[in-house]
Structure formats: structure tokens, C-alpha cells
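When we follow this note's numbering, the leftmost residue of the sequence shown carries the number 666, and every step to the right adds one.
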Amino acid sequence: MLKFIWAVGLTIVSSILLLPLRAQAQFIDNFSDGDFTNSPMWVGDDDKFLVTDEKLTLNAPPETGTSYLATPSIAVEDGVWEVLVKMEFNPTGSNLSRIYVMSDQQNLTGALNGYFILIGGADDEISLYRQTGTTVTKIIDGTNGVLNSDAVLVKIKAVREEEGEWTLFYDLNNSGTYVMEGKVVDDIHTSSLYFGVYCKYTTTRSKQFYFDDFKVTGKPATISTVEATYKDIIITEIFADPSPVVELPAAEYIEIYNRGNVPIRLSGWTVSDGSSTGTLVGKTLDAGQYLILTTTSFAESFAIYGDVLGVKGFPSLNNSGDPISLRSSKNVLIDSVKYSDTWYKSTQKKAGGWSLELIDVNNTCGQQDNWTASIDTRGGTPGTQNSVKAEKPDLVGPRLISAMAISSDTIQLTFDENLANESLRLDDFSIEPTVYPSAVSFLPARLDKINITVTPVLENRILYTVQAMNMRDCNHNFIVEEHSKRPFALIEKADSLDIIINEMLFNPFPGGVDFVEVYNQSTKYIDLKDWRFAHWVNGVALDETKITEENKL
666 MLKFIWAVGL TIVSSILLLP LRAQAQFIDN FSDGDFTNSP MWVGDDDKFL
716 VTDEKLTLNA PPETGTSYLA TPSIAVEDGV WEVLVKMEFN PTGSNLSRIY
766 VMSDQQNLTG ALNGYFILIG GADDEISLYR QTGTTVTKII DGTNGVLNSD
816 AVLVKIKAVR EEEGEWTLFY DLNNSGTYVM EGKVVDDIHT SSLYFGVYCK
866 YTTTRSKQFY FDDFKVTGKP ATISTVEATY KDIIITEIFA DPSPVVELPA
916 AEYIEIYNRG NVPIRLSGWT VSDGSSTGTL VGKTLDAGQY LILTTTSFAE
966 SFAIYGDVLG VKGFPSLNNS GDPISLRSSK NVLIDSVKYS DTWYKSTQKK
1016 AGGWSLELID VNNTCGQQDN WTASIDTRGG TPGTQNSVKA EKPDLVGPRL
1066 ISAMAISSDT IQLTFDENLA NESLRLDDFS IEPTVYPSAV SFLPARLDKI
1116 NITVTPVLEN RILYTVQAMN MRDCNHNFIV EEHSKRPFAL IEKADSLDII
1166 INEMLFNPFP GGVDFVEVYN QSTKYIDLKD WRFAHWVNGV ALDETKITEE
1216 NKL
């Protein structure tokens, strides 16, 4: 008896767990069988629906509420969803229908991931929405007032092609002719377990919703769901200064490359320069393939060069010094580059019209040493292998190039290349005269900069030395001692005559150079970053020259 009960229980549990696997990729239901419990089976608020005159009918109590029915459906790719909707009233924000074409949850009234078509609402429209959790986002904005009538009869059709290109249609009064309402690319969600209907109603409308002629076709998504990790996809080309034009279109772009062995979905990924962020949609990057990222308005101009994606909100790139970061849909840092116009290694090319290209795609740590100006006569190689491609393995450990006290309790260290993306340890840092690290972390989107919080606080007019031990670059080369130490001090504001001009040479021998020597005659530590020389004539600064863009004590 116990064995029999266990076997029955196991069968029931297995049926529940396997329900999504039995979901249909396609089905038709016109309710000619008089019910909604078989072929297909609809579940949900089944006590609030019935079939009348071969139509699915809302039959809720006369009260304000929401009701839904859902049926298993895994249709995604090449999906087509059709349904006839009738509402015996003029829709409002309190009386409307939703057709959930894709949902990962059976309960259509709660949090879910998917897409639905709104029929009605305050604007009497037919629109397509994406839902993530409880957040809904309109992605096709239907024509306002198209359903502004005493009663609504409309046939709806949504089509989803590969890479998430949606098209929304409607046929008012079921005339036999569809009107296209809009198109959009959106593949933030690429799986489905359910299709369904959702009704929102007031007391007097609780029996005035009807649905018929459901037709769903499509197939499950076949896109790889492998999650990308750091450096699986890398930035391989940067076109930050398109003017003067050499040959390429007069628009900025970034090129990325899939170094891995599997395709990776890019929907929901972001590209940022720190001040603005663009979001990628509708794209899968195959293994070993390049992709051009640019503004939506210039995407077509780059199509002749290779695979291209127009990015809404694509950041405007500075000619030098922008920190570009690429993040996955889960906000995981995949790659980052803070480029400089010194990386061109060419005065002519850094003036514009030429791209910066990565030399060795397998050298995942290289910064300035692994980048240079394109040598392609067009000015760059968007969408294809870089013109400067060569083997340039990283066999040298990272160097600590600067240490700066950015506050009385925080030191910022800068290395010449990205470090291994690993947990940082307090024991890996020592400071003399003795203060103690209490916290250490990478800067956001930067693996070449580290902030160290210290205790007790730093004191003015003391020169400290910090040593970074056991640091490894992302190719796992260890830092060597001669490159692991840097001095730093608390910076104080300069007062009049703290820094003086101590010597100058304005008329050198042939082959010599002009110079000016400055001297800090105070006891302060003063940073010369962004200080300038100028030739003053009648109170006007002429020939102004910046001393340095780097922190310099």
C-alpha cells in the first residue's frame, strides 16, 4: 500500500514539473469543442471564464478586478500570434485587455518576463509591451484613439522574426485586411512557457470580454544561453575622431569581437563612456565574429564594411581619455578600455580620420602597448580583422605607475595595465610611514586603478611610500619589486610664491631646446596637474601650454 501511494505521488509530481516541457510551439483554438479545458488546456482563473457561442467569455462577478487564463506555449523564434478580441464597451484605463504572447510564468497578474499586446487602455490603442518582473515598457506605441468606439471588435497579429524583430498588426472589425501598427527590435526576453489573456475590468464590464480564433505558431529559441565572462568579448577598434574624413563614414564607432567558441546574445548589454550609456538589442555575436557598434542614424552607412548594430544612446566619444566599458545584461564587466590619443603613435593620425586598432586579440591585458593607429588606407577596418594584427604576447608583469592621496584616508593606485579580476587582499599592500589599509577595491569599470582606504588618516607634509605586492595582470604575470613602489603625499593648495620660476632658457644653441625650471620653495606637497605656462601681453595669456595632464608632485 505504501509503495502504491508513493508511485501515484511520484506520477503527479512529475506531471507538474514536466508541464513546461509539454508546452506547445503551435496551436489553434476556436472553442468549437465548447470548453477551454482540452486541446489546448487553459489554466488560471478558470472559474471566471466560460465558452459561449464558441467564444472564450469573461464571466466574472460584478466587481472590479482582473482575471486571466494561460496555456502552455514555447513559441518564440519565427513566432506568429493571432487572436480575435471583442469588448462590448469603449476601453478605458480601468477596462482593457492584454494578450500575453510570451510569458515565463503561468500567473499573468504577477511578476513575469515576457511580452504582451495592450488592447484599449486610456489611449484606446493597440500597443506592444515588454514586461520584466512587474515593470512594463511600451516598445511599439500604437495609434491613440484607434479603438475609440462604443464597442470594439479587432483581430490582432504579432510577428517575431529572428533576432527579436517584432511587427504588430491589427484588423479593425475583422475585415480581412491587416494594418501594420509598428516595428521594433527587442529580444531582452528570448524564452516562453505560456501564452494567455488578461482582463482588467470594473463592475459593469465583468461579463463583456470575448476572445476567439487563437492561432499560435513558432519554435523555441535556439540561441545559446551561455553567460559571457570577462574578456569573452573584447573591444578591438575605436574610431573616436572621424574628422577630417579619410574614407570611412564621418561617424564614431566601436568594434567588438567574440573570442569564445559559442554565440553570445548581446541584448540588454550596455556600452558606456562613463557619462552616457547605450543599450544593445536584437543581436547575437557568433564565435570569431566582429561587430560594429555605432549610432542608429549611421548604422546603414557602415553596413558595407561588416556586421553592424545601431545602438540607441550610443555614447559620444572624446578624442582622447574616454573610459569605454562593455557590460552584460547582468551588469557584469566584460571589457573596458581607457584610450589616449598618444596610442596612435602618429601625430598625423591622431589629428582625426583614423581608428585605433588592437594588435593582438589574445593579449587580453595589453593597454597602450597593444594598440596603435590603423594602417588601412581607408582609415580603419570596421567589422573585419584589424590591419595591424600581430602576435604581441604579454610576458611582463604590471607596473605601479602612480600613487595619489585623493583624500586624507584614501589612496588611489594606477597600474600600466589591467590587473587580474580577482579579490583584492589587504595584506598585499604596505605603507610607510606606517598606516594600515582597512579597505581596498577596484574603481568601477576599471581594472587598472585601485582605491585603498587607510587608518589612521594621512598627515600633511609627510612623504609616504606604498608598495603593491603579489599583483598580477590578467595574463597572470606577477608584478616585480622594482615596479611595485610609489611615493605619495597629501596635496595642499598652492599659495602665492609657493612655486617659483627658478631658471629658463629662451635662446638655446642650435639643436637645443627652450626650457623653464620651476621650484617648490614651500614645505607643502603640490600637484602640478593641469597647471599652465603662458606668455602674458597686456594682461592677455598667449601661447598657453599645459605642464602635465597627469598627477605630478
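Positions of the beta carbon are idealized from the N, C-alpha and C atoms, including for glycine.
Using the C-alpha atoms, what's the distance from residue j back to residue i?
| i | j | result |
| --- | --- | --- |
| N984 | S1005 | 8 Å |
| R687 | T894 | Bear in mind that a pLDDT of 49 at R687, under 50, signals an unreliable position, so the number given afterwards is only what the model happens to contain. Roughly 33 Å separates the two Cα atoms. |
| P1121 | S1073 | 9 Å |
| M752 | G975 | 39 Å |
| H1200 | R1043 | 41 Å |
| P1123 | L1155 | Contrary to the premise, residue 1123 reads as Leu rather than Pro in this sequence. Each residue's alpha carbon lies about 7 Å from the other. |
| P726 | W707 | 20 Å |
| G699 | V716 | 6 Å |
| T868 | T722 | 16 Å |
| T949 | Y733 | 34 Å |
| K822 | I764 | 10 Å |
| Q1032 | S1095 | 26 Å |
| I681 | D769 | With a pLDDT of only 33 at I681, under 50, the local geometry of the prediction cannot be trusted, and no value is derived from it. |
| A1229 | D1138 | In the structure as shown, the chain begins at 666 and stops at 1218. Residue 1229 is therefore absent and cannot be evaluated. |
| Y970 | L1108 | 35 Å |
| Q771 | G861 | 8 Å |
| D906 | G1045 | 12 Å |
| V817 | L958 | 43 Å |
| L793 | W1019 | 42 Å |
| G829 | V973 | 16 Å |
| V1131 | E965 | 51 Å |
Report yes if the CB atom of residue i is closer than 8 Å to the CB atom of residue j, and no otherwise.
| i | j | result |
| --- | --- | --- |
| L761 | I784 | yes |
| F1153 | D1113 | no |
| K803 | W831 | no |
| Y922 | Y955 | yes |
| V1053 | T1029 | no |
| D852 | N695 | no |
| L913 | P705 | no |
| D1000 | K896 | yes |
| I903 | L1021 | yes |
| E1215 | K1194 | yes |
| I1212 | I1191 | no |
| K1057 | D1025 | yes |
| I898 | I919 | no |
| V927 | V891 | yes |
| G786 | P756 | yes |
| W934 | L991 | yes |
| E1182 | N1167 | yes |
| K865 | E747 | no |
| Q873 | F967 | no |
So, for residue i: in the same chain, excluding its five sequence neighbours on each side, which residues have a beta-carbon less than 8 Å away from its beta-carbon?
| i | result |
| --- | --- |
| S1106 | L1089, I1115, N1116 |
| E790 | L783, D806, G807, T808, N809, G810, V811, L812 |
| D743 | R825, E826, E827, T882, G883, K884 |
| T960 | A916, E917, G975, V976, F979 |
| P1098 | I1127, Y1129 |
| E728 | T868, S871 |
| G1062 | M1136, R1137, D1138, N1142, F1143, I1144, V1145, H1148 |
Tell me the DSSP bridge mates of residue i?
| i | result |
| --- | --- |
| Y835 | I821, V844 |
| P737 | Y859 |
| I782 | I764, L793 |
| G1177 | Partner(s): none; G1177 has no beta bridge. |
| W1201 | A1206 |
| S759 | According to DSSP, S759 bridges with nothing at all. |
| T722 | L715, Y875 |
Leaving aside the five residues before and after residue i along the sequence, list all residues of the same chain whose C-beta is less than 7 Å from its C-beta, in chain order.
| i | result |
| --- | --- |
| Q1013 | none |
| W1008 | L1021, Q1033, W1036, T1037 |
Give me, in chain order, the residues of the same chain whose beta-carbon lies closer than 6 Å to that of residue i; leave out the 5 immediate sequence neighbours on both sides.
| i | result |
| --- | --- |
| S1301 | Outside the displayed range of the chain (666 to 1218) lies residue 1301, so it cannot be described from this structure. |
| R1064 | D1081, H1148 |
| F1180 | L1170 |
| L1128 | P1152, A1154 |
| Y780 | V766, M767, R795 |
| Y1101 | T1120 |
| G645 | Given that the chain is displayed from residue 666 to residue 1218, the structure contains no residue 645 and the question cannot be resolved. |
| N1083 | C1030, L1112, D1113, C1139 |
| G1017 | D906, S908, P909 |
| Q1077 | M1069, I1071, N1116 |
| S932 | D852, I853, V946 |
Quick one: does residue i have its CB under 8 Å from some CB of chain B?
| i | result |
| --- | --- |
| I1166 | In the structure shown, chain B does not exist; there is a single protein chain. |
- Task: Could you tell me which uninterrupted alpha helix (DSSP H) segments, each at least 4 residues in length, are contained entirely in the stretch 963-1047, listed from first to last along the chain?
- Result: The qualifying runs are 964-967.
- Item | Contiguous beta strand (DSSP E) assignments of at least 3 residues, all confined to the stretch 1074-1150 | Listed in chain order, the complete beta strand (DSSP E) runs (minimum 3 residues) inside the stretch 1074-1150 are 1075-1080, 1094-1097, 1101-1107, 1114-1120, 1129-1133.
- Query: Residue ranges of each alpha helix (DSSP H) run of no fewer than 4 residues wholly in the stretch 870-921, ordered along the chain?
  - Reply: Correct list: empty.
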